[in-house]
Amino acid sequence: MQIIDVVAAIIVREGRLLLAQRPATGDQPGLWEFPGGKVEPGESQPAALARELSEELAIEARVGAYVASHTREVSGRVIRLHAWRVEDFGGEPQALCHSALAWCEPQALCHSALAWCEPREAFGYALAPADIPLLEAFMSERDATPADSY
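Everything in the sequence shown is counted per numbering that gives the first Met the number 0, starting at 0 for the first residue and increasing by one.
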């Protein structure tokens, strides 16, 4: 079975998360997700995520800490989704694709919409199933109390 590594950005600005809605065409149409994409051979996860965010959202991201991973079988393939925190980025996220890749023409629609929301509000969106455990892990990490703070 083919194994595909995919990276996702949990982009945080002023306590709010960025969600991206998948376009009407393609896999899981209309569902909301954390933006990102496939890791290319020889590419690190942070490098892949920075590249994908530049191509898909037109931002220059500085990838922060690793959050969590989730593995799912989809259409005879194993997808390993790895989430990373992004709190520092340049530019304003845009739904238009800025890639020169053949499958994604420059200025093509990569996402139908973008939304900023409080972490708990994200559960009110129709999230892609693989993104739900990543959101839960992010929220658990964010809400954790250090042992020395008692």
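Glycine included, every Cβ here is placed at the ideal spot set by N, Cα and C.
Report the three-state DSSP secondary structure of P105 (helix, strand or coil). A caution first: P105 carries a pLDDT of 46, below 50, which makes its placement in the model too unreliable to give a value.
Cutoff 6 angstroms; reference Y114; Cβ partners in own chain excluding five residues on either side: The residue asked about is misnamed: residue 114 is Ala in this sequence, not Tyr. Excluding positions up to five away in sequence, the list reads L18.
Simplified DSSP assignment, three categories, for I131: Taken through DSSP and simplified to helix, strand or coil, I131 comes out as helix.
Alpha-carbon to alpha-carbon, A57 and V66: 23 angstroms
Name the DSSP beta bridge partners of G41, please? Paired residues: none, contrary to the question.
Between which two residues does the beta strand (DSSP E) containing V62 stretch? Careful: V62 lies outside any beta strand (DSSP E) and carries neither H nor E.
So what does DSSP say about G90, is it helix, strand or coil? coil
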